[in-house]
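Protein chains in written order, with this note's numbering: chain A, 465 to 544; chain B, 105 to 434. Beta carbons: idealized from backbone N, C-alpha and C, even for Gly. Being a predicted model, the structure only gives us computed values, none of them experimental.
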Amino acid sequence: MATTEEIRAQLAELVNEVAGVPVEDVQLDKSFVDDLDVDSLAMVEILVGCEEKFGVNIPDEESKNLKTVGDAVAYIEAHS
Amino acid sequence: MSLKASIGSPFARILAVGSATPSRVIDNDYLCQFIDSSDEWITQRTGIKERRWVGEGENIETLCVTAATSAIERSGVALDQIDAVIVATISHYEQTPALAPKLAHQLGLGDAAAYDISAACAGFSYGLAQAEAMIRGGQATYVLLVAGETISDITDLTDRGTAFLFGDGAGAVVLGPSETNGIGPVVWGSDGGQYDAIRMNHTIGSGVKAGVFPTIQMDGQAVFKWATGYIAKAARRCLDEAGISPEELDVFIPHQANNRITDTLLRYLKLPEKVVVARTITHLGNNSAATIPMAMDALLTSGEAKSGQTALIIGFGAGLVYAGQVITLP
C-alpha cells in the first residue's frame with residue numbers, strides 16, 4: 465500500500481503534467497483552484513487521471529468535495 | 105434455387121476529399137456582445153479564436169454541394185459511377201425527406217442510393233464505416249460521403265457554455281474499391297446513459313408550442329470527462345485494431361471539440377513529435393460531423409499532411425456516440 469507521501473508525489477506529477485504546476489507546489493494543504501490555479505477543465509482531467517493512475521472511482525458528487533490536494537490524497541487512500 | 109449474393113472488393117479506400125467553409129467570420133469579441141465572457145476565457149478554455157457561420161445565400165445544401173463537387177472532381181470518378189450517397193448531419197432541419205437524395209440529384213448522380221445518418225460529431229466516422237462495408241460487401245462500388253453542418257442555426261447566442269463552440273461547414277470524401285487496404289477496422293460505440301450530456305432544449309413539438317426554435321445545450325464537464333477518459337482509450341484501440349504503432353502514424357485528426365481534449369489525447373496516446381496534429385478548431389471551431397473531413401482537406405491542402413500517409417481519425421459527440429479508424433490519406 466502506497467504511503468500518503470507516495471500518493472502525493474504521484475498526484476503532483478499528474479497535476480504538473482495536466483496543468484503545468486511545479487511538482488513542489490503540490491502540497492497537502494494547497495487548494496487546487498485557489499492556490500494552484502487549476503481551472504475546472506484541468507480539475508476534471510486530474511480526476512480522470514487519478515482514476516486511471518490509482519484505480520479508484522471518483523463519482524461526480526464526490527469530486528465536488530475534493531478541494532485540496534490533501535482531500536484528493538485522503539480519498540485515494542480510502543478507496544484504492 | 106440458388107440466391108445470388110453481392111460480391112464486393114477486398115478493400116476500400118478514400119479516393120479524394122473536399123470541403124467548404126462559409127464566408128462569415130465570427131470572432132470571440134463578436135460573441136461576447138451576447139454572453140458574459142471574453143476572448144481570453146474562450147481561447148484559454150477551448151483554443152477557439154474564430155469560427156465561420158453561413159452568410160447570405162449560404163446554407164447546408166450549398167456547403168454540401170461545394171464540398172461534394174470538389175471531392176468528386178479530385179477523385180476522377182465519373183458521376184454515374186457513384187452508386188451511394190451518405191450524408192452525416194444533425195442540422196438538416198426537416199424530419200423528412202433526407203438531404204442525401206436532394207444532394208444526389210443536384211450533383212447529377214442519377215438514381216444513387218441516398219440517405220442521411222445522425223451521429224453528431226461522430227457522423228463522419230460512422231458514415232465511413234458504412235461506406236467501407238458497402239464497398240467491401242458489394243452494395244456499392246463508389247460511395248460519396250458528405251458531412252455537413254450549420255449548427256449556428258441551433259446555437260443559443262446567450263448560452264455562455266456553447267455560444268462560442270460551433271462553426272458551420274462541410275466536408276466530403278469519395279470512396280472506392282482498392283487493391284490495398286485504406287481503412288482500418290472501425291472502433292465505435294455509444295453511451296445512451298449520457299443522452300442528456302449534449303441535448304436540445306426543446307423537442308420540435310415543445311418548441312412549436314413555446315414559439316421557439318430548439319437550441320443545443322451541453323454539460324461541458326461531463327463531455328470533457330468522457331472525452332479525456334473513455335475516448336482516449338478508444339483512440340488507442342483504433343491503433344491496436346489496425347495493427348499500427350504510434351511510431352507508424354503520420355497524422356492525427358481528432359474531432360475538434362476542444363483543443364484541451366486534443367492535448368489530453370496526445371498525452372495519453374504518447375504519439376511521437378513527428379505526428380501532424382489537426383488544430384483547425386482555432387479558426388473553424390467545432391464543425392460537428394464535418395470537422396474531420398474539413399481538417400483532412402485543410403492539412404492536405406496546406407501540405408502539412410501528404411497523400412498516402414497514415415492517419416488516425418476519431419469523432420465523438422451527442423448521443424453520446426463515438427467512432428474512429430486508421431486510414432490512408434487520399
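Rounded C-alpha distance that separates residue i from residue j
i: Gln148 (chain B); j: Ala301 (chain B); result: 22 Å
i: Val121 (chain B); j: Leu249 (chain B); result: 10 Å
i: Glu509 (chain A); j: Leu269 (chain B); result: 20 Å
i: Asn305 (chain B); j: Glu469 (chain A); result: 47 Å
i: Leu403 (chain B); j: Ala175 (chain B); result: 15 Å
i: Asp143 (chain B); j: Lys153 (chain B); result: 7 Å
i: Ala382 (chain B); j: Asn521 (chain A); result: 32 Å
i: Ile190 (chain B); j: Ile221 (chain B); result: 7 Å
i: Cys225 (chain B); j: Val425 (chain B); result: 8 Å
i: Cys342 (chain B); j: Ala223 (chain B); result: 18 Å
i: Phe496 (chain A); j: Leu530 (chain A); result: 9 Å
i: Ser113 (chain B); j: Gly241 (chain B); result: 7 Å
i: Thr262 (chain B); j: Pro205 (chain B); result: 35 Å
i: Glu160 (chain B); j: Pro289 (chain B); result: 41 Å
i: Gly227 (chain B); j: Leu505 (chain A); result: 25 Å
i: Leu259 (chain B); j: Ser127 (chain B); result: For the sequence presented, residue 259 (chain B) should be read as Thr rather than Leu. One C-alpha to the other measures close to 18 Å.
i: Pro358 (chain B); j: Pro486 (chain A); result: 29 Å
i: Arg340 (chain B); j: Leu370 (chain B); result: 10 Å
i: Gly519 (chain A); j: Ser544 (chain A); result: 6 Å
i: Ile443 (chain B); j: Gly280 (chain B); result: With chain B represented from 105 up to 434, any question about residue 443 (chain B) goes unanswered, as that position is not in the structure.
i: Arg303 (chain B); j: Glu198 (chain B); result: 18 Å
i: Thr384 (chain B); j: Met105 (chain B); result: 55 Å
i: Ala473 (chain A); j: Ala483 (chain A); result: 15 Å
i: Ile540 (chain A); j: Ile471 (chain A); result: 8 Å
i: Asn132 (chain B); j: Ile139 (chain B); result: 10 Å
i: Leu388 (chain B); j: Arg155 (chain B); result: 4 Å
i: Pro350 (chain B); j: Ser282 (chain B); result: 25 Å
i: Ile320 (chain B); j: Gln137 (chain B); result: 19 Å
i: Ala573 (chain A); j: Met507 (chain A); result: No answer is possible for residue 573 (chain A): it lies beyond the span of chain A, which begins at 465 and ends at 544.
i: Leu375 (chain B); j: Glu165 (chain B); result: 37 Å
i: Ala267 (chain B); j: Ser527 (chain A); result: 27 Å
i: Glu162 (chain B); j: Asp498 (chain A); result: 46 Å
Cβ-Cβ separation, residue j to residue i (assumed contact under 8 Å), whole Å
i: Glu246 (chain B); j: Val181 (chain B); result: In the sequence as presented, Glu is not what sits at residue 246 (chain B); that position holds Tyr. With 8 Å as the limit, Tyr246 (chain B) and Val181 (chain B) qualify as a contact, their Cβ atoms being about 5 Å apart.
i: Gly534 (chain A); j: Asp501 (chain A); result: With 8 Å as the limit, Gly534 (chain A) and Asp501 (chain A) do not qualify as a contact, their Cβ atoms being about 17 Å apart.
i: Ile296 (chain B); j: Gly423 (chain B); result: One point to set straight first is that residue 296 (chain B) is Gly, not Ile, in the sequence displayed. Contact flag correct, Cβ pair sits at about 7 Å.
i: Ala274 (chain B); j: Leu167 (chain B); result: 4 Å
i: Ala409 (chain B); j: Val379 (chain B); result: Ala409 (chain B) to Val379 (chain B), Cβ: 10 Å. No contact.
i: Arg117 (chain B); j: Gly309 (chain B); result: Rounded, the Cβ-Cβ distance is 43 Å, inconsistent with contact.
i: Ala172 (chain B); j: Leu211 (chain B); result: 6 Å
i: Glu345 (chain B); j: Val291 (chain B); result: 6 Å
Proximity winner among the options, relative to residue i (alpha-carbon distances)
i: Ile130 (chain B); options: B:Gly271, B:Ser282, B:Val316; result: B:Gly271
i: Pro434 (chain B); options: B:Arg178, B:Ser392, B:Cys168; result: B:Arg178
i: Gly324 (chain B); options: B:Gly242, B:Gly412, B:Gly265; result: B:Gly265
i: Ala326 (chain B); options: A:Glu541, A:Glu481, A:Glu525, A:Ile540; result: A:Glu525
i: Asp134 (chain B); options: B:Thr125, B:Ile146, B:Leu119; result: Rather than Asp, the amino acid found at residue 134 (chain B) in this sequence is Tyr. Looking at the Cα atoms, B:Ile146 is the closest of the given residues.
i: Glu253 (chain B); options: B:Ala233, B:Trp157, B:Thr150, B:Phe138; result: B:Trp157
i: Ala427 (chain B); options: B:Met105, B:Ile396, B:Ala124; result: B:Ile396
i: Asn390 (chain B); options: B:Pro350, B:Ala251, B:Leu183, B:Ala338; result: B:Ala251
i: Ile111 (chain B); options: B:Pro350, B:Leu373, B:Met238; result: B:Met238
i: Phe115 (chain B); options: B:Ser406, B:Thr284, B:Val169; result: B:Thr284
i: Ile335 (chain B); options: B:Leu373, B:Gly311, B:Lys313; result: B:Leu373
Own chain residues within Cβ distance below 7 Å of residue i, not counting five before or after
i: Thr332 (chain B); result: Ile365, Thr368
i: Ala542 (chain A); result: none
i: Val316 (chain B); result: His306
i: Ala69 (chain B); result: Lying outside 105 to 434, the shown extent of chain B, residue 69 (chain B) is not represented and no answer is given.
i: Asp187 (chain B); result: Ala216, Ala217, Ala244, Thr245, Tyr246
i: Asp401 (chain B); result: Val121, Gly122, Ser123, Gly275
i: Ala536 (chain A); result: Leu475, Cys514, Leu530
i: Gly293 (chain B); result: Tyr426
i: Gly412 (chain B); result: Thr432, Leu433
Proximal residues to residue i (C-beta, below 6 Å), its chain only, five neighbours per side dropped
i: Ile255 (chain B); result: Ser195, Phe270, Ser392
i: Gln185 (chain B); result: Tyr246
i: Thr386 (chain B); result: Gly151, Lys153
i: Asn363 (chain B); result: Gly151, Ile385
i: Ala361 (chain B); result: Asn390
i: Ala202 (chain B); result: Tyr219, Asp220
i: Leu213 (chain B); result: Leu183, Ile186
beta-carbon residue i near the ligand GDP non-hydrogen atom, thresh 7 Å
i: Pro350 (chain B); result: What this structure holds is no ligand at all, so the ligand GDP is not there to describe.
Residues near residue i by beta carbon distance below 8 Å, same chain, minus five either side
i: Leu478 (chain A); result: Ile510, Gly513, Cys514, Lys517
i: Thr414 (chain B); result: Ile348, Glu352, Leu353, Asp354, Val355, Val430, Ile431, Thr432, Leu433
i: Trp330 (chain B); result: Asp295, Gln298, Ala301, Phe420, Leu424
Residue-chain proximity (residue i, chain D), Cβ-Cβ < 8 Å
i: Val485 (chain A); result: No chain D appears in this structure, whose protein chains are A and B.
Worksheet entry | Residues of the stretch 324–337 of chain B whose Cβ lies closer than 7 Å to any Cβ of chain A, in chain order | Gln325, Phe328, Lys329, Thr332, Gly333
Worksheet item: If contact means a Cβ-Cβ distance below 7 Å, which residues of the stretch 493–510 of chain A contact chain B?
Response: Ser504, Leu505, Val508, Glu509
Worksheet item: Of the residues that make up the stretch 338–368 of chain B, which ones have a beta carbon closer than 7 Å to any beta carbon in chain A?
Response: Arg364, Thr368
Worksheet item: Just by C-beta distance, which residues in the stretch 133–155 of chain B are closer than 7 Å to chain A?
Response: Arg149
Discussion item. Against chain A, which members of the stretch 367–385 of chain B pass a CB distance test of less than 8 Å?
Written reply: Thr368, Arg371
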